[in-house]
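> If you scroll down you'll find the structure; I have some questions about it.
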Amino acid sequence: MATGIWPPDPTPILKRFNRNTPEVSSSDESSASVLSGSDWRKIKALVNQTAADRTSKEVKKLHRSLHHISTQNELLRHEIKGLKEALNLQTNQDGYHGGAVFWSPRKLRQARERRVVEEREKDELQLQKARRLELKEQARLYKLQVAQEKRVERERLKEVREKEKAEKMAERAREKAARDSQKAIQQAQNSKRKASQSSTQKQKRQKRVVAATGAKESLGAAPAAPNRWRWRRLSSALRTTLPLVIRGRAAGNRRIPRSKVQRVAQLLPATPRNVLASPHFSYGSRQDPTQGQGKDIAAQNFTIWWESLGQETITVFSDGSEQQINGTRVVTYGYAIYQGQAAVATGQGSLNALSHVFDAEAIGACRGLKHALQLSLPSQREIVLCIDSTSVIWGIRGAAPASSQWAFLQIHGAMEAYSVKTRWAPGHMKIVGNELADQLADNEAKDPHQPYGMAASPTRSGIRTVGRRLLEHTRDTWWKDKSSRLSAWYTQWQLPYDTRRTPAALWLPRRILAKVLMIRSTHGDFEWYHRKFNHEDTSKCLCGRPKTPEHLVFCKRATTHFKKWPLRPIVPPRTRQEGLAYLAQLIDQPQEFETFVKVTNSFYDE
Numbered sequence: 021m022a023t024g025i026w027p028p029d030p031t032p033i034l035k036r037f038n039r040n041t042p043e044v045s046s047s048d049e050s051s052a053s054v055l056s057g058s059d060w061r062k063i064k065a066l067v068n069q070t071a072a073d074r075t076s077k078e079v080k081k082l083h084r085s086l087h088h089i090s091t092q093n094e095l096l097r098h099e100i101k102g103l104k105e106a107l108n109l110q111t112n113q114d115g116y117h118g119g120a121v122f123w124s125p126r127k128l129r130q131a132r133e134r135r136v137v138e139e140r141e142k143d144e145l146q147l148q149k150a151r152r153l154e155l156k157e158q159a160r161l162y163k164l165q166v167a168q169e170k171r172v173e174r175e176r177l178k179e180v181r182e183k184e185k186a187e188k189m190a191e192r193a194r195e196k197a198a199r200d201s202q203k204a205i206q207q208a209q210n211s212k213r214k215a216s217q218s219s220t221q222k223q224k225r226q227k228r229v230v231a232a233t234g235a236k237e238s239l240g241a242a243p244a245a246p247n248r249w250r251w252r253r254l255s256s257a258l259r260t261t262l263p264l265v266i267r268g269r270a271a272g273n274r275r276i277p278r279s280k281v282q283r284v285a286q287l288l289p290a291t292p293r294n295v296l297a298s299p300h301f302s303y304g305s306r307q308d309p310t311q312g313q314g315k316d317i318a319a320q321n322f323t324i325w326w327e328s329l330g331q332e333t334i335t336v337f338s339d340g341s342e343q344q345i346n347g348t349r350v351v352t353y354g355y356a357i358y359q360g361q362a363a364v365a366t367g368q369g370s371l372n373a374l375s376h377v378f379d380a381e382a383i384g385a386c387r388g389l390k391h392a393l394q395l396s397l398p399s400q401r402e403i404v405l406c407i408d409s410t411s412v413i414w415g416i417r418g419a420a421p422a423s424s425q426w427a428f429l430q431i432h433g434a435m436e437a438y439s440v441k442t443r444w445a446p447g448h449m450k451i452v453g454n455e456l457a458d459q460l461a462d463n464e465a466k467d468p469h470q471p472y473g474m475a476a477s478p479t480r481s482g483i484r485t486v487g488r489r490l491l492e493h494t495r496d497t498w499w500k501d502k503s504s505r506l507s508a509w510y511t512q513w514q515l516p517y518d519t520r521r522t523p524a525a526l527w528l529p530r531r532i533l534a535k536v537l538m539i540r541s542t543h544g545d546f547e548w549y550h551r552k553f554n555h556e557d558t559s560k561c562l563c564g565r566p567k568t569p570e571h572l573v574f575c576k577r578a579t580t581h582f583k584k585w586p587l588r589p590i591v592p593p594r595t596r597q598e599g600l601a602y603l604a605q606l607i608d609q610p611q612e613f614e615t616f617v618k619v620t621n622s623f624y625d626e
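21 is the number of the first residue of the sequence shown in my numbering; add one for each residue after it.
Structure (structure tokens):
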């Protein structure tokens with residue numbers, strides 16, 4: 021222990037060489053009898069008081085020597101202090117025992133046990149992976165088997181549908197023949213009735229004219245017509261010469277479109293004219309159909325409510341589908357009618373291709389409700405329309421939307437005569453009726469029928485889609501024609517043409533926006549402009565170089581602040597191509613261009 025050889029301890033040896041000199045206390049330094057080296061100003065004042073001539077060379081030399089000695093003393097004191105701290109740090113470090121590591125038998129046993137546990141866990145992980153792969157393979161085989169069974173079932177159902185379709189077509193042909201025969205009989209009867217009526221009218225008019233002629237001949241002068249007869253003649257003339265409504269809609273009186281609005285309207289397909297209906301507000305028209313619930317919670321609540329219904333409640337589930345099958349756009353709907361929890365009827369159909377899912381949902385709900393009212397179900401029943409589209413529910417509870425207005429108006433009429441309500445049924449949440457309606461709509465999309473009734477006409481939403489596409493096509497065609505005639509300087513920026521949103525450059529201050537437009541078009545305070553009009557002393561920048569659009573990034577005032585550049589490259593631009601590339605990045609992001617102009621003071625304080 022005295023020598024520090026074992027265990028290794030260098031402290032006894034280092035103590036022999038660690039002869040610390042006592043530092044001078046602050047009280048001693050501040051005493052009046054002895055001055056420290058750091059108080060050289062006091063020493064200088066003391067020398068000035070003692071010396072007879074302060075301006076002599078000896079006194080000045082003494083001052084410089086004292087200043088030098090005090091400075092060296094202060095530096096040595098700080099150096100000694102640092103060496104002492106380093107020596108103390110080296111002394112207090114723990115010994116590493118030459119780098120050797122000793123392990124006890126207990127630690128070796130623990131290490132071996134940990135290795136055994138790790139190997140066992142690794143084997144279990146491999147076994148779990150093998151089991152997972154086996155289960156995955158079994159699931160794949162089961163999925164293939166189910167798909168094969170579904171394929172066979174679809175083929176069988178397809179054959180059944182084809183047979184039913186043929187039977188329906190034959191039935192429709194028979195019904196059409198019966199309607200045509202009945203219509204021919206009615207037309208024959210109507211023509212006979214009109215002929216008899218026209219003959220009686222002609223006879224009456226002839227009698228009136230004869231009477232008037234006889235009166236004229238007998239009296240010799242035509243008397244003034246009575247006021248009633250004069251007004252009748254005037255109203256007849258107005259009806260024939262000024263057909264205010266017939267002139268625009270009746271057959272044979274159409275005129276050539278003259279205004280741009282009329283010519284543009286001819287580019288779009290015709291749609292049934294909407295009617296002016298009174299506002300409709302039913303129960304819950306001001307409430308959110310979702311009631312602020314998510315689809316999961318709403319589906320659970322709906323299932324609980326639906327399973328608690330009795331036989332006196334009828335539920336109608338409807339769903340729509342919009343698909344592209346073999347390049348053909350198909351819009352279909354399907355509905356399922358339940359009495360309690362038992363399905364009593366289903367239906368499906370197609371819409372005009374110029375429609376959307378919104379229209380399919382509304383028309384499916386309308387025809388499902390009509391089918392439910394035609395069934396021989398209890399008279400005192402409550403019908404609930406279960407729809408997964410909240411927009412359709414808003415239209416049923418409130419005012420009818422413009423698209424598929426006729427379907428909403430028919431539902432409103434039924435709601436006034438029967439107890440009809442609506443309820444939100446979240447889609448694709450394994451709700452029995454909703455899944456069946458969705459399946460019926462998909463089946464109709466695979467084998468669509470011919471749309472009938474008002475559903476065969478385009479809807480407002482479909483026409484709006486066509487209008488947007490025509491507008492985009494016209495805009496793109498116009499821009500393609502105009503951009504081909506732009507200068508190469510302008511086209512190099514590859515500026516997008518988008519009229520749907522405000523360009524970000526328009527949010528810049530007007531002074532900076534002017535610089536952006538000048539660079540993009542080369543029209544502005546540049547050398548070629550001043551040279552063209554013989555301007556003097558204005559074609560060069562303050563740095564002495566000619567003013568060009570790309571000079572903004574080569575100016576000395578800008579390169580001085582290179583470290584502050586936004587989107588800064590690795591090195592400043594050295595060639596014209598590099599400068600234009602950096603300018604293109606700034607122009608593409610106008611806010612960064614504003615930052616560049618402000619941090620470099622380029623063309624900003626002029």
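We put the beta carbon where it would ideally sit given N, CA and C, even for glycine.
Have a look at histidine 469 and glycine 369 and give me their C-alpha separation to the nearest angstrom.
6 angstroms
> Would you decide whether histidine 300 is buried or exposed? Buried here means 16 or more other CB atoms lie within 10 Å of its CB.
buried
> May I ask which residues mark the beginning and end of the alpha helix (DSSP H) holding tyrosine 358?
It is not in any alpha helix (DSSP H) - tyrosine 358 instead sits in the beta strand (DSSP E) that spans 348 to 359.
> Rounded to the nearest angstrom, what separates glutamine 207 and alanine 290 at their Cα positions?
29 angstroms
> Helix, strand or coil: how does DSSP classify phenylalanine 337 here?
strand
> Please classify lysine 178 as buried or exposed, where buried requires at least 16 neighbouring CB atoms within 10 angstroms.
The residue is exposed, with fewer than 16 neighbouring Cβ atoms inside 10 Å.
> Could you say which of Ile590, Ala524, Glu105 and Lys583 lies nearest to phenylalanine 616 if we only look at CA atoms?
Lys583
> Near tryptophan 499, what residues of its chain come up, given a Cβ to Cβ distance below 8 angstroms and the 5 sequence neighbours on each side ignored?
Tyr517
> Where DSSP assigns a beta bridge to isoleucine 403, which residues make up the other side?
Answer is Ile334 and Val440.
> Taking only three categories from DSSP, how would you classify isoleucine 33?
helix
> Distance, Cα to Cα, serine 50 vs alanine 71?
Note on serine 50: pLDDT 44, under 50, position unreliable in the model; the coordinate value appears next. So the alpha carbons of these two residues sit roughly 23 angstroms apart.
> Could you spell out where the beta strand (DSSP E) holding glutamate 365 opens and where it closes?
Per the sequence shown, the amino acid found at residue 365 is alanine instead of glutamate. Taken as a continuous stretch (DSSP letters only), the beta strand (DSSP E) holding alanine 365 covers 362 to 370.
> Reducing DSSP to helix, strand and coil, say where lysine 450 ends up.
coil
> Under the three-state reduction of DSSP, which class applies to asparagine 621: helix, strand or coil?
coil
> Pair every Cβ in the segment 444 to 451 with every Cβ in the segment 405 to 424, then say whether three or more of these pairs are closer than 8 angstroms.
Taking a cut-off of 8 angstroms on C-beta distances, the segment 444 to 451 touches the segment 405 to 424, as three or more cross pairs fall below it.
> For leucine 34 and glutamate 105, I'd like the C-alpha separation in whole angstroms.
14 angstroms
> Quick check on the burial criterion: 16 or more other C-beta atoms within 10 angstroms. Buried or exposed for proline 478?
buried
> Tell me whether the beta-carbon of alanine 392 lies closer than 7 angstroms to the beta-carbon of isoleucine 403.
yes
> Taking DSSP as the reference, what is the three-state secondary structure of isoleucine 345?
strand
> Smallest Cα separation from glycine 473: which of Arg387, Glu556, Val591 and Lys203?
Arg387
> Is the beta carbon of threonine 366 less than 7 angstroms from the beta carbon of alanine 356?
Cβ distance < 7 angstroms, so threonine 366 and alanine 356 count as in contact.
> Does the pairing of the segment 325 to 333 with the segment 434 to 441 give three or more beta-carbon distances under 8 angstroms?
no
> What does the alpha-carbon distance come out to for the pair leucine 506 and valine 573?
If I take the Cα positions, the gap works out to 25 angstroms.
> Throw me the rounded Cβ distance for the histidine 376 and serine 481 pair, which I believe falls under 8 angstroms.
5 angstroms
> CB-CB under 6 angstroms to lysine 203, same chain, minus the five flanking residues each way: which ones, in chain order?
none
> Less than 7 angstroms between C-beta atoms, sequence neighbours within five positions excluded: which residues of the same chain meet that for asparagine 621?
Arg577
> Look up proline 125 in the DSSP assignment and say whether it is helix, strand or coil.
helix
> Leaving out five residues before and five after histidine 87 in sequence, what residues of the same chain have Cβ atoms less than 6 angstroms from its Cβ?
Trp60
> If you draw a straight line from the C-alpha of valine 281 to the C-alpha of leucine 288, how long is it?
11 angstroms
> Cα separation between tryptophan 123 and proline 32?
29 angstroms
> So, at 8 angstroms on beta carbons, what are the nonlocal neighbours of leucine 239 in its own chain, with the 5 sequence-adjacent residues on each side left out?
Unreliable positioning characterises leucine 239 in this predicted model, as indicated by a pLDDT of 34, which lies under 50. The coordinate reading is nonetheless provided below. Counting only Cβ-Cβ distances below 8 angstroms, and skipping sequence neighbours, we find nothing.
> Once DSSP output is grouped into helix, strand and coil, what is the label at alanine 183?
Correcting the residue type first, residue 183 is lysine in the shown sequence and not alanine. Helix, per DSSP.
> Which two residues bound the contiguous alpha helix (DSSP H) that contains phenylalanine 378?
377 to 394
> Quick one: complete alpha helix (DSSP H) runs, 4+ long, within the segment 454 to 536?
480 to 503 and 508 to 511
> Give every residue of the same chain whose Cβ lies closer than 7 angstroms to the Cβ of alanine 319, excluding the five residues on either side of it in the sequence, and list them in chain order.
Pro446, Met449 and Ile451
> Once DSSP output is grouped into helix, strand and coil, what is the label at proline 610?
helix
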